[in-house]
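In our numbering, the protein residues as written are 1020 to 1176.
For every residue, glycine included, the Cβ atom is placed at its ideal position computed from N, Cα and C.
This structure is a prediction, so every number in the text was calculated from the model and none was measured.
Following: one structure in structure tokens, then a few remarks.
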């Protein structure tokens, strides 16, 4: 059974747009590449044809994965979420207890994660360590660089 994934309305729309693009323009580009490679002659020794067919297989796998994600997607109504605890789509202001660095992250689905935009996946070690915590709580989180202690300064939507 596939796992349910929660999205913001914008994130779900982005996913639908990407799927639509892959099904239309993406498939057309791959079909054109296959046709061009086929026109070059003997298919048994045509590396370009093999590469185009391989790209087609990867493209179709990506479409299938997106369709599965959409089938199991749920939209979270941010206006009804409790801001006393860290949940999916929470915007959390954190302080690294060791060095005093302050950072702000929004916990989003895996497909919406973008560290440069301050969005981290709810499945990341940091998010997993923060889920369910309240303002003022401290969390000991194991990250690739070692153990880090983070204090929750603020939770918003």
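Span separating the alpha-carbon of residue i from that of residue j
i, j, result
"residue 1199", "residue 1096", "Residue 1199 is absent from the model: the chain starts at 1020 and stops at 1176."
"residue 1074", "residue 1158", "44 angstroms"
"residue 1123", "residue 1141", "14 angstroms"
"residue 1091", "residue 1168", "34 angstroms"
"residue 1024", "residue 1093", "6 angstroms"
"residue 1089", "residue 1138", "20 angstroms"
"residue 1165", "residue 1034", "34 angstroms"
Contacting residues, own chain, Cβ-Cβ under 7 angstroms from residue i (five flanking each side not counted)
i, result
"residue 1102", "1174, 1175, 1176"
"residue 1067", "1056, 1059"
Same chain only: Cβ atoms within 8 angstroms of residue i, ignoring 5 sequence neighbours per side
i, result
"residue 1042", "1082"
Reference residue i, options the options, closest by Cα
i, options, result
"residue 1130", "1156, 1170, 1169, 1086", "1086"
"residue 1160", "1147, 1067, 1151, 1171", "1147"
"residue 1172", "1166, 1068, 1164, 1152", "1152"
"residue 1048", "1154, 1078, 1156", "1078"
"residue 1026", "1165, 1132, 1154", "1132"
Own chain partners of residue i with C-beta closer than 6 angstroms, once the 5 adjacent residues on each side are dropped
i, result
"residue 1038", "1085"
Beta-carbon spacing of residue i, residue j below 8 angstroms
i, j, result
"residue 1149", "residue 1105", "yes"
"residue 1116", "residue 1144", "no"
"residue 1135", "residue 1170", "no"
"residue 1072", "residue 1053", "yes"
Any non-hydrogen atom of the ligand ADP closer than 7 angstroms to residue i Cβ
i, result
"residue 1045", "For the structure depicted, the ligand ADP is absent and the ligand set is empty, with no information on it obtainable."
(message) Report the start-end ranges of each beta strand (DSSP E) in the stretch 1064-1103 that is 3 residues or longer and not cut off at the edges.
(response) 1092-1094
(request) List in chain order: all unbroken beta strand (DSSP E) runs of 3+ residues lying wholly within the stretch 1099-1162. (result) 1110-1115, 1121-1127, 1138-1140, 1157-1162
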